[in-house]
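**Student:** Dumping the structure here so I can ask a few things about it.
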Amino acid sequence: MPEIFSATALRREWDPFQYSSLFFFRWKRLPFPARPSGRKPVAITFDDGPFPGVTEQVLDAFKARSLKASFFMIGNRVQSATDLVRRAFDEGHDICNHSYSHTRLAWLEDGVVTSELLRTQDSVERAIGICPRYFRPPFGSFRRRQEPLALACGLHPVLWHVNSKDWKGIAPDGAALIPRVSKKIEPGSIVVMHDCQPPTGRVMGAMLDRLMDDGFEPVALSELLPF
Ligand SMILES: [Zn+2]
29 MPEIFSATAL RREWDPFQYS SLFFFRWKRL PFPARPSGRK PVAITFDDGP FPGVTEQVLD
89 AFKARSLKAS FFMIGNRVQS ATDLVRRAFD EGHDICNHSY SHTRLAWLED GVVTSELLRT
149 QDSVERAIGI CPRYFRPPFG SFRRRQEPLA LACGLHPVLW HVNSKDWKGI APDGAALIPR
209 VSKKIEPGSI VVMHDCQPPT GRVMGAMLDR LMDDGFEPVA LSELLPF
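Per the numbering used here, the sequence shown runs over residues 29 to 255.
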């Protein structure tokens, strides 16, 4: 019996959705800020950029509709595409931290985790003059006991409610992503996508139109979360 219990506990510890529900439990019950549009706010988030060729398409789609997103950027990509980081920031999107080298953090020593976070904070600050305040661990690989490490760097861990799985089995036009996301999304949802995936860049305009037709308004995380 003890083995079974410990195995269950371990699975809970590592399952990003379990982790996600722990951190999102309170948020789901908070009243969402009213939107002047009358639409229900949702947050579309993009991991693993900036990625020249795709990030621009995503930014164009949001700009054309005056909507906002959040970009969880990899520190070592920030340095090679500072123009894209600046453009996303200037257009009103949240710039967020997705570690420096996109590694699984859960097994690493505290000092290495802190270094992964702070190197990215530094890279973003050099590009736009301010530090991110949201952090998403690559692969959702993070432990509850590591949360204070992020908070000490001024970062709140943020996972997701809706996983678009846009890295998996998607035809080049990306059309399959629209039902995949719109079936699961609800008011206040945080959706994870990847602005390094060409189908995601191609479908983004049509996806935003569909979400707005369904009564949603994509906003930046900072407009949705209470911190
Ligand atoms: Zn990632």
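Glycine included, every Cβ here is placed at the ideal spot set by N, Cα and C. Values in this document were obtained by computation on a predicted structure and should not be read as measured data.
In three-state terms, what does DSSP make of E214?
**Tutor:** Counted from its first residue, the sequence shown places residue 214 at position 186. If DSSP states are grouped into helix, strand and coil, E214 belongs with coil.
**Student:** Is any non-hydrogen atom of ligand 1 found closer than 7 Å to the C-beta of P166, if you look at the structure I gave you?
**Tutor:** By 1-based counting over the sequence shown, the position of residue 166 is 138. Yes, since a heavy atom of ligand 1 falls inside the 7 Å radius drawn around the Cβ of P166.
**Student:** Have a look at S250 and D201 and give me their C-alpha separation to the nearest angstrom.
**Tutor:** By one-based count along the sequence shown, residue 250 stands at place 222. By one-based count along the sequence shown, residue 201 stands at place 173. Each residue's alpha carbon lies about 30 Å from the other.
**Student:** Looking at the unbroken alpha helix (DSSP H) that takes in F244, where does it start and where does it end?
**Tutor:** Counting from one through the sequence shown, the residue named residue 244 turns up at place 216. First-last for F244: 244-246, but that is the beta strand (DSSP E), not the alpha helix (DSSP H).
**Student:** Is K242 near ligand 1, with its Cβ less than 7 Å from a heavy atom?
**Tutor:** Counting from one through the sequence shown, the residue named residue 242 turns up at place 214. For the sequence presented, residue 242 should be read as Asp rather than Lys. Outside the cutoff, so no.
**Student:** Do you know offhand how far G66's Cα is from W135's?
**Tutor:** Numbered from 1 along the sequence shown, position 38 holds the residue referred to as residue 66. Numbered from 1 along the sequence shown, position 107 holds the residue referred to as residue 135. If you take the alpha carbons of G66 and W135, they lie about 44 Å apart.
**Student:** Scan the region 161-216 and note each continuous alpha helix (DSSP H) run of 4 residues or more that stays entirely inside, going in chain order.
**Tutor:** DSSP runs (the alpha helix (DSSP H)) wholly in the region 161-216: 175-180, 205-210.
**Student:** Touch check for the region 159-179 and the region 198-214: three-plus C-beta pairs under 8 Å?
**Tutor:** Too few Cβ pairs lie closer than 8 Å, so no.
**Student:** Between the alpha carbons of F90 and Y162, how many angstroms are there, rounded?
**Tutor:** For the purposes of this step, residue 90 is identified with residue 62 of the sequence shown, where counting begins at 1. For the purposes of this step, residue 162 is identified with residue 134 of the sequence shown, where counting begins at 1. Straight-line Cα distance between these residues: approximately 20 Å.
**Student:** G216: buried (16+ other C-beta within 10 angstroms of its C-beta) or exposed?
**Tutor:** Taking the sequence shown and counting its residues from 1, one reaches residue 216 at position 188. The residue in question, G216, is buried, as its Cβ has 16 or more Cβ neighbours within 10 Å.
**Student:** Tell me where the alpha helix (DSSP H) around T148 begins and ends.
**Tutor:** As a first step, residue 148 is located in the sequence shown; it is residue number 120 there, counting from the start. Segment 138-156, the alpha helix (DSSP H) holding T148.
**Student:** Can you tell me whether A273 is helix, strand or coil according to DSSP?
**Tutor:** The first residue shown for the chain is 29 and the last is 255, placing residue 273 beyond what the model contains.
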